[in-house]
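Novice: Here it is, the structure, as structure tokens.
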Amino acid sequence: MENILKIIKKNDEATDKEEELGAFGRSTKMRRSPQRSVKEAMRADIPDETPGRPNKEEASSSGVTDRAEMALPCSAPVLEVSSVRNASPEQMDLDTNRVEVHSTVLARAEEERLIRKCAAVVKRMRSATFLQRNVSKGVKNGLMELEELLDRISFYRRTWRAAEDDCRAETVALPAENAACVKRTADSPLQSEQGKKRKEDDVPEGDFVEVVSKAQKKKAKKDKKKQRTPSPETPLSKNKEAANPKPVAEKTRKRRRTRPSALLIKPTEGKTFAEVLSEIRYRMKPEENGAEVSSIRKTRSGGVLVELGPKTTSKSTFCEAVKGLLGEKALVSSLEPMCSLEIRDCLTEKVEVEEALKRECPEVTNARLLAQFAAEVNADLVLISEQYRNKDPSSWYLDLSGTAAIWVRDDVRLRVLAEGRGDGFVWIRCLGITFFSVYLTPNEAIPDFRRRLDALEDAVSSTEGRILVGGDFNARALEWGMPQSNSRGKRILEMAARTGLVILNTGSTPTFRRPGCEGSIPDITFASESLASSVDGWRVLEDFSASDHQYIAFEVFDATCRRAPTRRSPCVWNVAKVNIGRFVEALGAGRAALGGTPGGGGVAADTVVNSMMNLITTACEASMPRRGPRRDKPSMYWWTAEIADLRKECHKLRRLAQRLYANEEACAIKEQYRSAKRRLRSAINKSKARGWQNLVNEVNDDPWGLGYKLVTRKIGALRKPCILSTDQMDRIVRALFPRHPVRVDVNSAESVVDCPLFTMGELEEAVLTMKNRKAPGPDGIPAEVYKLVFRQRPELLLEAFNACLKEGIFPCRWKVARLALISKGKGDPELPSAYRPLCMLDTAGKVLEKLIRSRLAEAIRAAGDLSARQFGFRTGKSTVDAVMEVVDAFNRAGAHSRRSRRIVLLITLDVRNAFNSVRWTDMLGTLENFFHVPSYLLRILRDYLKDRSLFYETLEGQRRMEITSGVAQGSILGPDLWNASYDSLLRLDMPEESRLVGYADDVAALVAGRTVEQAQSRLGILMRRVSGWMTARGFNLALEKTEVVILTRRRIPTLRPISIGELTIESKPVIKYLGLMLDSKMSFFEQIKAAADRAAAGVAALSRLMANVRGPISTRRRLLMGATQSVLLYGAEVWADALDKEVHRKRLAQVQRRGALRVASAYRTISEPAVMVIAGVIPVALLAKERKAIYRRKSESLREVVAREERQRTLNEWQLSWQNEPRGRWTARLIDKLDPWLSRKHVLPAQGWEGAIS
């Protein structure tokens, strides 16, 4: 033991003496001489070899140790150089040793802190190396060795500390004449006046005082007793023990003590710690309020910390009593003990831990009830303060501190145009109103409160327009119903006056209620003067919220954000509940009313059509019910009648608990309330579990049903946009449907006999190819009804359609459309370009359009067909063909020698409102003069493009508008008529090495040249011809949306200005064309990156449906992941060769591996080749090559045979790579051949791959 102490002393002597003395001087506030230090003065006045002076070993054996608990009281005298000179040699020796001991203690404490800091830095560096794959292996191994060395250093230091503790226990206490042992008492207001006075005689002047606790005194007494009592052991045994000392056991790490519950009291401005403490000591009796005070301490900031004991029964009552006693003198806040949860399981993910905590923690009940209550009251926007958890970030806006949030429930109708956040507040702007959600905590001092309030004031002042501010301000003022005002309330009122905000709170109903406490109103709502008159119905709701705060509701009535009146929705028949027998009987009963085929006259054809539609409507009324209107108050999927009753019970018991005083009955009611709250929480958890299991079962039955729509956000995606004013709606509709002159033609006098009628085969193809579950037109009859009519009475439909063809009319009732404005999700919602207009037409009219379309397509093909460069709305052509035209132009330009290589300019042109701007006269002229369409088709097409109209909803009711141009988006004939009218553009004469590529209304220009200047010159000629064609036909080019990219393999600058007429456009490094990202070098790096990001988002969304336990079966998992795989492989026919680079291949494989992990329910530590085989998912690189091979063989007739052959070739390559793969060899023992595994009939259970093989 002595040898160990000598080593420690030797290490201590090696430290820098000046640093030790400086640390000691700072800790004891010692005044140094300006000429020299204290230690230099002591060494100068006292020689090193003083007789009778003990050396360091002797001093250590006499009680002065390195780890001694030594300090100075605040009132200790200061050591001066003059007092040192007058002191005795023994006293000076003691002082010197104490200086060295104390300096050593501080140095060791600093050393331990630096070692811990170094270990933390090494740990962070090691974690960073695991995330960064390209870190050298030597760096990783070096960090591991360094971490191991730090652990060994810590172990040896613990061993030394244990040895020192054992040695200290054997040492003799200091003599009474050398040091006075006095218990230190802190200067505190809790001390009595007698205790504050200290006798100066007890403290020797110019000396140090050792502070020894009671435990140390007892230990010293025990040590003295052991020294006085002789040991029964023999000297021989002592020598043996001295020769063979026992090893020092390593001390176990003590568990951190859990902090008790406490109250933190912060004095306000002008109040002191002593004043607040005296109020509590002499005027408060904790036992009367159900509290036990264990200690009272002073915090560093000057506050009072009251720690409560375990016998405390009502902490809230005691807290409210303290608040009532102190009033405005201090801020009282409650502190709850907190625990940190550390999970060292490398297999458990963060999401799983969060879900487990949400299930077990009771605080999440109010968040669940909030969602249900918001659905019940049909709230569009929710302002939340001090939330327990956050929702989806797409509709949830959070402040910087995470204590205030805004939830936009209807993110389509209330589109957020701008957002911002600060410390304690967050704001969004939608519908011309800026909404602020605020939370100002009561647990901070007034300066911090003023800082937050000033930041909020700056944000409100810098906001223009109408403003609404709401939240938990934790302040009191008479203006919003409190009995008195405090300093916080006054500052908030001053802020509101400076920013022009008006208080919306009415009445004195408390918004904060806690059982056993007096209610208060900390929740305030402000509005700007321009908006205050539009806010109505501000009220505090009495519904149970599972929180201390009550719900506050109000309505904003304004021209831009109020709700529209009830719409007249079409009568939609519920085909799923049809009675086929009654339907057939009703059709048979009305068959005689139609008679035979009408002999002639347009009126006769209209009569037949009207009679047929009335008969079908009557049959629907007799055989099937109507679908009810959509409820305005949808409930959550887990909401049941039992939960509703439990919520009512909780509400009732909570009201009783708030009204009763502290007695036995009140305690019983509170216990009943807590029990009811637990039952409510348990019922919600069980209901959510049942809902999840039902959703999983539905996914097994229908993979593309409710579960798929929920996780991919397809539910509600086509909801109506925000309701605009009548003037705004009229302006948008007029801009979307421009008016053009109508051509007046007389129908040709073609004989009815020369008109070929529709056959039963044509009718069968037209009816049975109609898609089910599509929105019907104004009459509300879906396609499923016409399929029933065709199977039972096909002659009804055939006679009516032939009558229309013979008479050359298109019935007027099928020309009326119901307008649905679908938001594009971008741009200003008040501009027409932010919407896509869909025209909902009657299904019977669509069937007649299909019959006409087949005849029109034959006529166009007979006349030479459309341009080969039109790839939109055509059978056998797709976006891949259009992009391949660009790729082929790039390859041809780079096929020349290095000096003669061409550069290619790719320009994408955008036409404003193209489909609704095409003139009917141009369409009919092209069909008649260029394609030579038969006269009977021209006659019915002229009638089709005449007297068309649509109706739309506004705030003032339904409006009707005549249509004079365009093709209806949602019709059957519209795409063919558009291609016919756009065909002449693609047939224009172009400059050399220039051409146009069209896909529907998207046009791309490809211009090649030896130099950029030559290509730019040719581009100018091309643009003049295109602009002339557009102007002659009433189209407008959006030149500001035109994009240009320079495609070349030459090493030239690709970012330069390109002149197009009077407009100059900067070329871009990459542009998006038909969903594919094309860069200047055609490397497709940006396309692969974008595809990986989109697919990763899809995998993350669908993973919510595929839990590892109790999830869907593996076949349904594989089917769902096929949806994300199609996103991953979009356009693979174009960029499949780019996967030859490993960096591109790995980027896609990472996303595919995540999906395969969910399909196989495997651990994330499994290797990529193994999980792909287990999940039965072909690697993405092989799938891309397969798609490209199929595309190259698309000219072959049997596409199914080609696909089957290429799939077998892909499987053979996969089998070969699996055999040569070094990873996943244990899985290869179980699954050696891929064909039997992929063609197996059994499926993996829901528990996953581990459960299947264990």
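With the working numbering applied, the sequence shown corresponds to residues 5 to 1258, in that order.
Glycine residues also receive a C-beta, built at the ideal position from the N, C-alpha and C atoms.
This one's a predicted model, so the numbers in the text were calculated from it and none came from an experiment.
Whole-angstrom Cβ separation of A2 and L650, contact assumed at under 8 Å?
Specialist: Missing from the structure shown is residue 2; the chain here goes from 5 to 1258 and no further.
Novice: On the three-pair Cβ rule with 8 Å, is the segment 961-971 touching the segment 892-904?
Specialist: Too few Cβ pairs lie closer than 8 Å, so no.
Novice: Within the 8 Å Cβ cut-off, does L835 reach chain B?
Specialist: Chain labels in this structure do not include chain B; a single protein chain is all it has.
Novice: Expressed to the nearest angstrom, what Euclidean distance is found between the alpha-carbon atoms of K270 and E675?
Specialist: The residue you call residue 270 lines up with position 266 of the sequence shown. The residue you call residue 675 lines up with position 671 of the sequence shown. C-alpha separation (whole angstroms): 33 Å.
Novice: Below 8 Å CB to CB, which residues in the same chain sit around R878 once its five sequence neighbours on both sides are set aside?
Specialist: Mapped onto the sequence shown, residue 878 falls at position 874. For R878, where only same-chain residues beyond five positions count, the Cβ hits under 8 Å are L870 and N983.
Novice: Are the beta-carbon atoms belonging to R413 and A383 less than 8 Å from one another?
Specialist: Walking along the sequence shown from the start, residue 413 turns up at place 409. Walking along the sequence shown from the start, residue 383 turns up at place 379. With respect to the 8 Å criterion, R413 and A383 are classified as neighbours on the basis of their beta carbons.
Novice: With DSSP run on the structure shown, which of helix, strand or coil describes Y948?
Specialist: Residue mapping note: residue 948 aligns to position 944 of the sequence shown, counting from 1. DSSP places Y948 in helix when its eight states are reduced to three.
Novice: Starting from S827, trace the beta strand (DSSP E) in both directions and tell me its first and last residue.
Specialist: Locating residue 827 in the sequence shown gives position 823, where the first residue counts as 1. That run of the beta strand (DSSP E) goes V820 to S827.
Novice: Per DSSP, H553 forms a beta bridge with which residues?
Specialist: As a working mapping, residue 553 is identified with position 549 in the sequence shown. Note: H553 sits in a beta bridge opposite F516.
Novice: Indicate the three-state DSSP secondary structure (helix, strand or coil) for P841 in the structure shown.
Specialist: Mapped onto the sequence shown, residue 841 falls at position 837. Looking at P841 - three-state DSSP - the assignment turns out to be strand.
Novice: Using a Cβ-Cβ cutoff of less than 7 Å, which residues in the same chain neighbour E932 once the five nearest sequence positions on both sides are dropped?
Specialist: Position 928 of the sequence shown, counted from the first residue, corresponds to residue 932. Cβ neighbours of E932 beyond the five flanking positions: L942.
Novice: Which one of N618, T644, G592 and V582 has the shortest CA to CA distance from M628?
Specialist: Along the sequence shown, read from residue 1 onward, the residue named residue 628 stands at position 624. Nearest C-alpha to M628: V582.
Novice: Is the distance from the Cβ of P264 to the Cβ of E311 below 8 Å?
Specialist: Walking along the sequence shown from the start, residue 264 turns up at place 260. Walking along the sequence shown from the start, residue 311 turns up at place 307. For P264 and E311, yes; Cβs fall inside 8 Å.
Novice: Would you mind sorting P1061 into buried or exposed? The rule is 16 or more other CB atoms within 10 Å of its CB.
Specialist: The sequence position of residue 1061 within the sequence shown is 1057, counting from 1. Classification of P1061: exposed, given that the 10 Å Cβ count is below 16.
Novice: Whole angstroms are fine: how far does the CA of R156 sit from the CA of L150?
Specialist: On the sequence shown, residue 150 is found 146 positions in, with the first residue counted as 1. On the sequence shown, residue 156 is found 152 positions in, with the first residue counted as 1. L150 and R156 have their C-alpha atoms some 10 Å from each other.
Novice: Taking the beta carbon of K1192 as the centre, do at least 16 other beta carbons fall within 10 Å, making it buried, or is it exposed?
Specialist: As a first step, residue 1192 must be located in the sequence shown, where it is residue number 1188. Per the 10 Å Cβ criterion, buried.
Novice: Terminal residues of the continuous beta strand (DSSP E) containing S389?
Specialist: Here residue 389 is taken as the residue at index 385 of the sequence shown, counted from 1. Where S389 is concerned, the enclosing beta strand (DSSP E) stretches over L385 to S389.
Novice: Rounded to a whole number of angstroms, what is the C-alpha to C-alpha distance between D1239 and Q1219?
Specialist: In the sequence shown, counting from the first residue as 1, residue 1239 sits at position 1235. In the sequence shown, counting from the first residue as 1, residue 1219 sits at position 1215. Between D1239 and Q1219, the C-alpha separation is close to 9 Å.
Novice: Under a three-way DSSP split, which group does P271 fall into?
Specialist: Here residue 271 refers to the residue found at position 267 of the sequence shown. In the structure shown, P271 sits in a strand (DSSP, three-state: E or B).
Novice: Which ranges would you report for the beta strand (DSSP E) in the segment 393-417 if only whole runs of at least 3 residues count?
Specialist: 400-402 and 408-412
Novice: Is the beta carbon of S534 sitting closer than 8 Å to the one on V560?
Specialist: Taking the first residue of the sequence shown as 1, we reach residue 534 at position 530. Taking the first residue of the sequence shown as 1, we reach residue 560 at position 556. Contact flag unset, no.
Novice: State the DSSP-derived secondary structure class of S441, mapped to helix, strand or coil.
Specialist: Within the sequence shown, the letter at position 437 stands for residue 441. Three-state result, S441: strand.
Novice: Following the continuous alpha helix (DSSP H) through W431, name the residue where it begins and the one where it ends.
Specialist: On the sequence shown, residue 431 is found 427 positions in, with the first residue counted as 1. Here W431 belongs to no alpha helix (DSSP H); instead the beta strand (DSSP E) covers F429 to C434.
Novice: With a 10 Å radius around its C-beta and 16 neighbouring C-beta atoms as the bar for buried, classify R964 as buried or exposed.
Specialist: The residue given as residue 964 occupies position 960 in the sequence shown. R964 comes out exposed.
Novice: If F794 and V771 are in contact, beta carbons under 8 Å, what's the gap, nearest whole angstrom?
Specialist: Taking the first residue of the sequence shown as position 1, residue 794 is located at position 790. Taking the first residue of the sequence shown as position 1, residue 771 is located at position 767. Contact flag correct, Cβ pair sits at about 5 Å.
Novice: Provide the residue span of the beta strand (DSSP E) that contains R964, from first to last.
Specialist: Stepping through the sequence shown from its first residue, residue 964 is reached at position 960. That run of the beta strand (DSSP E) goes G961 to I967.
Novice: Taking 8 Å as the limit between beta carbons, can you name the residues of its chain near I388, skipping five residues before and five after?
Specialist: In the sequence shown, the residue the question calls residue 388 occupies position 384. Excluding positions up to five away in sequence, the list reads L374, A408, A409, I410, W411 and S441.
Novice: Look up L772 in the DSSP assignment and say whether it is helix, strand or coil.
Specialist: Your numbering for residue 772 matches position 768 in the sequence shown. In the structure shown, L772 sits in a helix (DSSP, three-state: H, G or I).
Novice: Run through DSSP, which three-state label would G26 get?
Specialist: Counting from 1 along the sequence shown, the entry for residue 26 is found at position 22. At G26, the pLDDT of 37 sits below 50, so the modelled position is not reliable and the matter cannot be decided from this model.
Novice: Can you find a heavy atom of the ligand ADP that lies under 7 Å from the Cβ of R304?
Specialist: This structure lacks the ligand ADP; in fact it carries no ligand of any kind.
Novice: Alpha carbon to alpha carbon, how far is L329 from E283? Give it in angstroms, no decimals.
Specialist: Taking the first residue of the sequence shown as position 1, residue 283 is located at position 279. Taking the first residue of the sequence shown as position 1, residue 329 is located at position 325. Cα to Cα, the separation comes out at about 8 Å.
Novice: Given 8 Å as the limit, is there contact between the segment 1065-1073 and the segment 1119-1139, that is, 3 or more CB pairs closer than that?
Specialist: In short, these stretches do not touch, since the Cβ pair count stays below three.
Novice: Please classify Q554 as buried or exposed, where buried requires at least 16 other C-beta atoms within 10 Å of its C-beta.
Specialist: Against the sequence shown, residue 554 aligns to sequence position 550. That one is buried.
Novice: Buried or exposed: which applies to S1107, given that a residue is buried once 16 or more other Cβ atoms fall within 10 Å of its Cβ?
Specialist: Sequence index remark: in the sequence shown, residue 1107 carries index 1103 (1-based). Classification of S1107: buried, given that the 10 Å Cβ count is 16 or more.
Novice: Taking the Cβ atom as the reference point for each residue, do E853 and S975 lie within a distance shorter than 8 Å?
Specialist: If you number the sequence shown from 1, residue 853 lands on position 849. If you number the sequence shown from 1, residue 975 lands on position 971. It is a contact, given that the beta carbons lie within the stated cut-off.
Novice: Pick from V908, D1083 and G961: whose alpha carbon is nearest that of Q1020?
Specialist: Here residue 1020 is taken as the residue at index 1016 of the sequence shown, counted from 1. The shortest C-alpha separation from Q1020 is found at V908.
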